[in-house]
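2 protein chains.
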Amino acid sequence: MTKKEYAGYEYVENGVCAAQGFTANGLNCGINPIKTKNDLGMIFSEKECTAAAVYTQNKVKGAPILVTKANLAQSGGKAQAVIVNSKNANTCNANGVEVANAVCKLTADELGITADRVIVASTGVIGAPMSVEPFANAMHELAEGLSIDGHDAAAKAIMTTDTVQKEVAVEFLLDGKKCRLGGMAKGSGMIHPNMATTLNFITTDVAISGEMIQAALSEIVKVTYNCLSIDGDTSTNDMVSVMANGLAGNAEITEKNADFDLFKKALYVVMENMTKMLAADGEGASKFLECSCDGAPDQETAIVVAKSVIRSPLFKCAMFGEDANWGRILCAIGYAEAEFDIDKVAVELESEVGTVAVCKNGAGVAFSEEEAAKILNKDEIYIHVHLNQGEASAKAWGCDLTYDYVKINGDYRS
Amino acid sequence: MTKKEYAGYEYVENGVCAAQGFTANGLNCGINPIKTKNDLGMIFSEKECTAAAVYTQNKVKGAPILVTKANLAQSGGKAQAVIVNSKNANTCNANGVEVANAVCKLTADELGITADRVIVASTGVIGAPMSVEPFANAMHELAEGLSIDGHDAAAKAIMTTDTVQKEVAVEFLLDGKKCRLGGMAKGSGMIHPNMATTLNFITTDVAISGEMIQAALSEIVKVTYNCLSIDGDTSTNDMVSVMANGLAGNAEITEKNADFDLFKKALYVVMENMTKMLAADGEGASKFLECSCDGAPDQETAIVVAKSVIRSPLFKCAMFGEDANWGRILCAIGYAEAEFDIDKVAVELESEVGTVAVCKNGAGVAFSEEEAAKILNKDEIYIHVHLNQGEASAKAWGCDLTYDYVKINGDYRS
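Sequences listed follow chains B and R, in order. Heads up: the first sequence begins at 1 in the working numbering, then just goes up one per residue. Heads up: the second sequence begins at 1001 in the working numbering, then just goes up one per residue.
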C-alpha cells in the first residue's frame, strides 16, 4: 500500500512510540497457545495524557469497552497507559467486567499510576471465559520491557487474522514545535461502517484538551474508519483511542483554531492510512478497493454511495474475478439509501495501468473488455463514481470477497 | 426442502397452471446461446384478471419494471398475460423501455389482447443491449404451445443461477368453492430484504379485486420475501405479481373479510414455501438457514433481529464451517437496529438430530461441542433467538456463505 503524500506531514517510524515520551512492549502471556505469537501489548506515556475514544455501536459490548468508558469518565479524560490482549474478546463472559477491572489494576500497580488512567481492550473469540492469571503472570515482564522499539512487539500483540502489522506515524509543525502523532491498529474481518471500527491506539505529543481530541476524533472517524467495510459485520469490541501527552511543548489546543485544524489533519493522515491498510489486509483479500464518489449534493450522500458500492458482495466477487461487471456497481449505487438522480451517474475503473469509463448518464458505454481486464488484473483498484449533481465528495475502502474469506471464517475458532 | 403443513391448504401440482384457466409455455429464443436452456416464458389466462405487483426499491429499475407499472396503471389493475425472459435484464439500456414495450405489443398481438394487459419482466446481466428480434421470432411458437403442462417449461425459462426450478401451488376452500393459487419463482443471488425480492409470478382463480390483491400482497411480502437474504444485494429487476381470474366462482372479495383472510393465508403458504426454496437454493449454498426470533416487544423488532442474523457474513461462514460460534450470532443480534435488552437474549441451534442451547441471558452457556457439531452437520439449520421481553415473533431465511458463492459471482458474466 503506497502512502499518499500530504504537504506538511512527513511519515516517520516507530508507530505508537513515534511521539515523545511513549514506550511500548508486547509478549505472549499464554492466552494464545502459540508461544511465538504475542497476545498482550502495553503502551505507556511517561507523562499523564489527555485522552478520548470512540467505541463500537453494537449493543453487545465487550467488557473492556465498558471499563475503558468508565475509567475515562472517572479520570475526567486522563490516561497514561494502554493494556490490550488478543485471542480472547472478553465479551459475553459473566465475570468480564471484573476481569477487565482486575487487569487495569494490575497494570496500574505495575506502572505506579491509578487504575482509572488505564485504557483496556481485548480482541478475539467472543464468549470464551477469560481469567486474570495470564495477565498477572506477565505484567511485570511486560512493563519492565517497555521501550521505544517496543512499538513493534505491541503492534504484533494485537494481530488476529491480520497478515501484516499496521503502524503509521507522522511528524508535523504546530505552533512552531515539531510534533508527532502515530498509531497501531488491528483488524481485518468484522469491520463495518457506523462504528468506531477496529482496535486502534493513537499517541501524540501535542498538547490538546480531551474535548478537542474528542471533537477531532469524532469528525475524522466518520470519513476514515467508518467508510471501511470488509464484510458488513460490526464487532463488539472496537475502539479507537487517542492519548496526548503534550511533550511537544505547543500552547495547548483548547478551541477549534488553526492549530486544531493542523492536529485534525495529522489525525486524518494517520487514520486514512490505517484504514487503507486495514482494507488491503481484509480477511482473505486479494485486492484493495477504493471507491470515490464526487459530484454529490452533500457529503452524507457521497459517503452512503461510496460505502454501498464497497459493501456489495456481488461487486466484491466481481473484483475478485477481475470482471468489469459495472452493472453491479450501478446496482449498488441504486440501492444506496440517499436521494439523487441515478440518470446522471458515470463510473470509471482505474488501476496503475489505466482508466476505463464503463457507464455514463446511468447507462453502459462501449469499452474494451481487454483493456478493462488489464486494469482489473492489478492489486489496487479505484472505482470512481461521479454523481454529477453537486460538489461534495467522499471515499470508502474495502477489499474483494474471496475463497479465503470463507475459509478463514469457516473455521475461525479452531 | 420439506413443505410445512397448513390446515385447510393442500399442496397440488402444476405451479402457475394449477388454478383454472391458466396455461403457460417456455422455450429458448436465442438470448441464451445454450439452446437447451429456456430463456423465454409466457403465462396466459383465458379470462382477464385483476392484478397487482410489488417492485424492487432499487433506484436503478429495469425497463420491464417501468413498463409493467405503466401497463397496470393504464389498464386499471387488469392483466391477462406474463412475458418474461432470462439471461438479459434489459436494464441500463438506452432503448430498454422501447424494447420492453415492443415485447408487450408482440405478446398482446399474438394473444389477441391489448398491450397494457401484459406483465413484462426480465432477469440476467445488467447493461447488455437487448433487441426485439429474438422475441419476435419466437412469439408465435411460444403462444401456440401454451398448455397446462407448460408451467414446467415456463418455470425453467426464468432460472438463472438457480439449480432447481421453483413452483408451489395450494388448493383451499373459499366461499364454498374449491380455489387454487400457485406460483413460480427464480432467484438465488442478489436477494435482499426491503424489496419485492426476486422474479415471482402468482396465479389464482379466486375472484378478488385488484385493491385487495395489493393489500394482501404488500402484507405477506413483508414477512416472506422481505425476510430473505442471500447476500445483502438488492436487484434492479425484482417483482412479484399476482393475477386472479375469478374462475373459481366465489363471490368477489372486495373488502378485508373472512374470505380475504383465507386468500391471504393461501398467498402466505405459497410465498413462505417459495422463500424457503429460494433460501435453500441461494447461490453456492450448502445449508438452508432459518432464524426465528420470538419474545420481541413488537414484530418490527423480531423481523430486524432475525434478518440481522441471517444476513451476517461471519455467521454464514461459521454455518458453512459447521462451527457453533454463537458469539457471531449474538454480535449480529447486537448490531440489529432495534431497541431491546441484550442481557435477556437466549439462543439455540437446531436441526433434525437435536437442539443445543448456546447462550442464555446474553452470555454463553456450557454445551457439548460434539453435540453441536452433529447438529450443524445437517443441511437445514434452525437458529432460535429468544429475546424474552415480549410476545411478537418473526422468521428470516437465508443460506451459508461458501466457496461456491464466490466462484459463481467471480465469473458470472462469462
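Glycine included, C-beta positions come from ideal geometry on N, C-alpha and C. Keep in mind that this is a model prediction, so the values were computed, not measured.
Check: At which residues does the beta strand (DSSP E) containing B:Cys179 begin and terminate?
Finding: Lys177 to Ala185
Next item on the list: Verify the CB distance criterion: does R:Ala1251 have a CB-CB separation below 7 Å to chain B?
Entry: no
Next item on the list: Find out if the Cβ-Cβ distance for the pair B:Val358, B:Ala324 is shorter than 7 Å.
Entry: yes
Check: Looking only at C-alpha atoms, which of R:Thr1160, R:Glu1290 and R:Phe1135 sits nearest to R:Cys1399?
Finding: R:Glu1290
Margin query: Please give me, in chain order, every unbroken run of the alpha helix (DSSP H) with length at least 4 that falls completely inside the segment 1195-1241 of chain R.
Written below: 1210-1223
Note to self: Just to check my reading of the structure: B:Leu199 and B:Ala121 have Cβ atoms closer than 8 Å, yes? What is that Cβ distance to the nearest angstrom?
What the structure shows: 6 Å
Item checked: Beta-carbon proximity list for B:Gly284, same chain, < 6 Å, skipping 5 on both sides -> Thr402, Asp404, Tyr405 and Ile408
Checklist line | Bridge partner(s) assigned by DSSP for R:Ile1031 | finding: In DSSP, R:Ile1031 forms no bridge with anything.
Margin query: Taking a contact to mean a Cβ-Cβ separation below 7 Å, would you say R:Thr1023 touches R:Leu1146 in this structure?
Written below: yes
Next item on the list: Kindly list, in the order they appear in chain B, the residues whose Cβ is closer than 9 Å to that of R:Ala1007.
Entry: Correct list: empty, because the minimum Cβ distance to chain B is about 39 Å.
Note to self: By the DSSP assignment, the alpha helix (DSSP H) with R:Asp1404 in it spans what residues?
What the structure shows: Tyr1403 to Gly1410
Notebook entry, point to check: Where do the ends of the beta strand (DSSP E) carrying R:Val1078 lie?
Noted result: According to the sequence shown, residue 1078 of chain R is Lys rather than Val. R:Lys1078 -> beta strand (DSSP E) spans Lys1078 to Asn1085.
Margin query: Suppose you measure from the CA of B:Val270 to the CA of B:Glu10; what does that come to, to the nearest Å?
Written below: 11 Å
Next item on the list: Out of R:Lys1177, R:Thr1204 and R:Gly1124, state which residue places its alpha-carbon closest to the alpha-carbon of R:Gly1183.
Entry: R:Thr1204
Notebook entry, point to check: CB of R:Asp1261 to nearest heavy atom of the ligand ATP: below 6 Å?
Noted result: Among the ligands in the structure shown, none appear at all, so the ligand ATP cannot be discussed.
Margin query: Here's the rule I'm using: 16 or more other beta-carbon atoms within 10 Å means buried, otherwise exposed. How should R:Val1164 be labelled?
Written below: exposed
Note to self: Rounded to the nearest angstrom, what separates B:Lys287 and B:Ala372 at their Cα positions?
What the structure shows: 15 Å
Note to self: Check for me: the beta strand (DSSP E) holding B:Cys359 runs from which residue to which?
What the structure shows: Gly354 to Lys360
Check: Who are the near neighbours of R:Ile1113 in its chain, counting only those whose CB is closer than 6 Å to its CB and skipping five residues on each side?
Finding: Gln1080
Notebook entry, point to check: Should B:Ser443 go down as buried or exposed, given a rule of 16 or more other Cβ atoms within 10 Å for buried?
Noted result: In the structure as shown, chain B starts at 1 and stops at 414, and residue 443 of chain B therefore has no counterpart that could be examined.
Checklist line | Cβ separation of R:Ile1383 and R:Gly1362, assumed to be a contact under 8 Å, to the nearest whole Å | finding: So it is not a contact: roughly 16 Å between Cβ atoms.
Notebook entry, point to check: How big is the Cα-Cα spacing for B:Asp293 and B:Ile310?
Noted result: Sequence check: residue 293 of chain B is Cys here, not Asp. Distance between the alpha carbons of B:Cys293 and B:Ile310: 11 Å.
Margin query: With a threshold of 8 Å on Cβ separation, who are the neighbours of R:Lys1276 within its own chain once the five nearest residues in sequence on each side are excluded?
Written below: Met1001, Phe1288, Glu1290 and Trp1397
Check: Expressed to the nearest angstrom, what Euclidean distance is found between the alpha-carbon atoms of R:Asn1090 and R:Ala1215?
Finding: 29 Å
Margin query: So for B:Lys256, helix, strand or coil by DSSP?
Written below: coil
Item checked: Spatial neighbours of R:Val1082 in its chain, beta-carbon cut-off 6 Å, leaving aside the 5 residues before and after -> Ile1043, Ile1119 and Phe1201
Note to self: If distances are taken between C-alpha atoms only, which option among B:Leu349, B:Ile375, B:Glu369 and B:Phe367 comes closest to B:His386?
What the structure shows: B:Leu349
Notebook entry, point to check: Is the Cβ-Cβ distance between R:Ile1126 and R:Cys1092 less than 7 Å?
Noted result: yes
Check: What are the start and end residues of each continuous beta strand (DSSP E) run of 3 or more residues lying completely inside the segment 1359-1402 of chain R, in chain order?
Finding: 1380-1386 and 1392-1399
Next item on the list: Run the CB neighbour count on B:Ile333, radius 10 Å, all protein chains shown included, and call it buried at 16 or more, exposed below.
Entry: buried
Next item on the list: Compute the beta-carbon to beta-carbon distance between R:Ala1052 and R:Gly1077, rounded to the nearest angstrom, for a pair I have assumed lies under 8 Å.
Entry: 6 Å
Check: Whose C-alpha, out of R:Gly1030, R:Leu1376, R:Asn1377 and R:Arg1328, is nearest the C-alpha of R:Phe1135?
Finding: R:Gly1030
Next item on the list: Would you tell me roughly how many angstroms separate the C-alpha atoms of R:Val1206 and R:Val1304, rounded to the nearest one?
Entry: 33 Å
Next item on the list: Could you work out which residues of chain B lie near R:Gly1334, taking near to mean beta carbons separated by less than 7 Å?
Entry: Asn58, Lys59, Val60 and Thr236
Note to self: Going by DSSP in three states, B:Ile43 sits in which element: helix, strand or coil?
What the structure shows: strand
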